[in-house]
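Participant:
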Amino acid sequence: QLTGKDPALYVQNLRDTTEVTTESASSAIAKEMQTRYLHPQWITAQKAEGYSGTLQVLKTAQFLWGWQVTAPQTVRQDHWQSLHNVYVRDQYKLGTREWLEGSNRAAFAQTLERMLDAVRLNYWQPDDATKRELTQAYNESMKATGLRESNKAVQRFAAAQSSLNPSSSQSAAAKPAQQAQAIPTKEAKPELQEIIKGLKLELQESQPKPAMSVVNSLAALWVVALLLGLGAWQQSRRWRQIKLA
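Okay, so the sequence shown: first residue is 974 according to the numbering used here, each after it adds one.
Written out as structure tokens, the structure reads:
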């Protein structure tokens, strides 16, 4: 009979074949999250595995996402919030986020993408601080890894969230710049010009030669006349000697 309600889901626990248990899917997911994926000992064991351990964290987000989209009633708001507290905020102070970013930041970016997609599709309604932290962590991881196989819709959502809630890192980066602008700079003193010693060449206008004085002119004419007269006297004397001979 159709009732318009989601059917009840049950899960069988087959880990111990001698004692098989059946419980509701929501109860099984809650236990799995608390005793495994959010437990400090499990996280410490995954850290010891290094790179492969980061893939288990990614599978945790994918596990929760799979149940969220197929059976929304089985996943609670606090499941996503606890995932954020443990892996983004490092609730247990185990260096969890540093390990994820250092060993496999691409897997961490995919984990954050799943969490942010839950916010985008309104499966999870975190407070503004959580949303801001999640968006900032996602943007930083995407920028650091250049993740190719990414959800474009999540990228657009993250960009929109960043414009509404600027990240603290951007605000912190803006403050030193503003302070630097506010500090008055000392007026730069003009540099002393190098003094060059030596002769200074200057363009001089050509001066006309002074005209010969009248006395000098007359003296020159007298010398010329004397020379001409002496020459004429010698010439006449030479002719007289020729005639007498």
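We put the beta carbon where it would ideally sit given N, CA and C, even for glycine.
Note that this is a predicted model, so its numbers are computed, not measured.
Quick one: what's got a C-beta closer than 6 angstroms to A1153's C-beta in the same chain, skipping five residues either side?
Facilitator: Reading the sequence shown from its first residue, position 180 is the one you call residue 1153. Reliability fails at A1153, whose pLDDT of 46 lies under 50, so the model's placement of it is uncertain and the value that follows must be treated cautiously. Hits under 6 angstroms: none found.
Participant: Quick one: measure Cβ to Cβ for L987 and S997, integer angstroms, because I've assumed they're closer than 8 angstroms.
Facilitator: Taking the sequence shown and counting its residues from 1, one reaches residue 987 at position 14. Taking the sequence shown and counting its residues from 1, one reaches residue 997 at position 24. Actually they are not in contact, since the Cβ atoms of L987 and S997 sit about 16 angstroms apart, beyond 8 angstroms.
Participant: Can you give the Cα-Cα distance for S1136 and R1070, rounded to whole angstroms?
Facilitator: Sequence index remark: in the sequence shown, residue 1136 carries index 163 (1-based). Sequence index remark: in the sequence shown, residue 1070 carries index 97 (1-based). Using only the alpha carbons, I get a separation of about 25 angstroms.
Participant: Determine contact between the segment 1096-1103 and the segment 1120-1127, defined as no fewer than three beta-carbon pairs at a distance below 8 angstroms.
Facilitator: No, they do not touch.
Participant: DSSP on V984, reduced to helix/strand/coil?
Facilitator: Reading the sequence shown from its first residue, position 11 is the one you call residue 984. Three-state result, V984: strand.
Participant: With distances taken from CA atoms, which of T1103, N1095, L1089, A1117 is nearest A1220?
Facilitator: A query on residue 1220 cannot be resolved here, the shown segment of the chain reaching from 974 to 1218 and no further.
Participant: At the level of alpha carbons, what is the spacing between G1023 and K978?
Facilitator: Locating residue 1023 in the sequence shown gives position 50, counting from the first residue. Locating residue 978 in the sequence shown gives position 5, counting from the first residue. About 44 angstroms.
Participant: Can you tell me whether A1034 is buried or exposed, with buried defined as 16 or more other CB within 10 angstroms of its CB?
Facilitator: Taking the first residue of the sequence shown as position 1, residue 1034 is located at position 61. So A1034 counts as buried.
Participant: For W1040, which option in S1114, Q1109, A1003, L975 has the closest C-alpha, if you only look at C-alpha atoms?
Facilitator: As a first step, residue 1040 must be located in the sequence shown, where it is residue number 67. The candidate whose alpha carbon is nearest that of W1040 is A1003.
Participant: Taking only runs that begin and end inside the segment 1099-1130, name each unbroken alpha helix (DSSP H) of 4 or more residues, in chain order.
Facilitator: Within the segment 1099-1130, the complete alpha helix (DSSP H) runs of at least 4 residues are 1101-1118.
Participant: For G1068, count neighbouring Cβ atoms within 10 angstroms of its own Cβ and tell me buried if that reaches 16, exposed if not.
Facilitator: For the purposes of this step, residue 1068 is taken as the residue at position 95 of the sequence shown. Counting Cβ neighbours within 10 Å, G1068 comes out exposed, since fewer than 16 surround it.
Participant: Within 8 angstroms, do at least three Cβ pairs link the segment 1070-1079 to the segment 1013-1032?
Facilitator: Taking 8 angstroms as the limit for Cβ pairs, the verdict is that the segment 1070-1079 does touch the segment 1013-1032.
Participant: If you follow the alpha helix (DSSP H) that E1005 is in, where does it begin and where does it stop?
Facilitator: Counting from one through the sequence shown, the residue named residue 1005 turns up at place 32. From DSSP, the alpha helix (DSSP H) with E1005 extends over 998-1005.
Participant: Indicate whether W1038 and A1091 have their beta-carbon atoms separated by less than 9 angstroms.
Facilitator: Your numbering for residue 1038 matches position 65 in the sequence shown. Your numbering for residue 1091 matches position 118 in the sequence shown. Yes; because the gap between Cβ atoms is below 9 angstroms, this pair is in contact.
Participant: Run through DSSP, which three-state label would T990 get?
Facilitator: Position 17 of the sequence shown, counted from the first residue, corresponds to residue 990. In the structure shown, T990 sits in coil (DSSP, three-state: anything other than H, G, I, E or B).
Participant: Does the separation of the CB atoms of L1056 and A1082 fall below 9 angstroms?
Facilitator: The residue you call residue 1056 lines up with position 83 of the sequence shown. The residue you call residue 1082 lines up with position 109 of the sequence shown. Contact flag unset, no.
Participant: Per DSSP, which residues does T1027 bridge with? Please list them.
Facilitator: By one-based count along the sequence shown, residue 1027 stands at place 54. Note: T1027 sits in no beta bridge, so no partner.
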